[in-house]
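The structure appears below as structure tokens.
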Amino acid sequence: MIQNPKSILKNRLDEENYDKLTKINNPALHQFVAQYIELCMPDSVFVSSDRPEDADYIREQAIVSGEEKPLTMPGHTVHFDGYYDQGRDKGGTRFLVSLAGTGKEPGFNTIERTAGYREIELLLKNIMCGHKMYVLFFSLGPTGSDFSIPNVQITDSA
């Protein structure tokens, strides 16, 4: 657990992105983002809000980074993944399960949750060096509903 997440956020985010993130009064969120900044070590961090200019910035970065290419029709792009990034690698994809569920489920490659997290952390160590981290917020279900589940995505893909 990160001891002082706000200090990490203050040191690693520029003022605008720090303000966007800390306006959300949620210490668990701050802890989570700080933990993955320290683990992944991105060169910079962009926190997306609902502002149209944030969406425009991400679209622009997708083109600048070469993840997407503009089409003739304004505002439209095409996205191509790498040849080896097509579909799910069934042999390399594992599902985290609780201790009670560590039996081999048919068709699923499982790993016990704690061991799986340790493995994930090893894989994520310094993985964003040379990249920008994007922090985005979404809602599973209708926003403001009793059924909505707020969530956060951390990625280096615009």
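Letter by letter, the sequence shown follows residues 2 to 159 of this note's numbering. For each residue, glycine too, the CB sits at the ideal point set by N, CA and C.
- Annotation: Arg52 to Ala116 spans about 39 Å, alpha carbon to alpha carbon.
- A distance below 6 Å between beta-carbons, with the five flanking residues on each side excluded, links Val48 to the following residues of its chain, in chain order: Asn18, Lys21, Leu22, Val136.
- Nearest in C-alpha terms to Arg114, of all of Pro71, Val46, Leu100, is Leu100.
- Between Glu120 and Leu40, the C-beta gap is not smaller than 8 Å, which leaves the two residues out of contact.
- Distances from the CA of Ala35 to each of Asp55, Arg13, Asn26, Ala56 were compared; the closest alpha carbon is that of Arg13.
- A residue is called buried once 16 or more other Cβ atoms fall within 10 Å of its Cβ, and Ile38 is buried on that count.
- Exclusion of the five residues before and after Glu68 leaves His80, Ser158, Ala159 as the residues of its chain whose Cβ lies within less than 7 Å of its Cβ.
- No Cβ-Cβ contact shorter than 8 Å links Ile64 with Pro75.
- Within the region 49-133, the beta strand (DSSP E) runs of at least 3 residues that lie entirely inside it are, in chain order, 69-71, 78-80, 96-98, 111-113.
- For Ser45, the secondary structure class from DSSP, reduced to helix, strand or coil, is strand.
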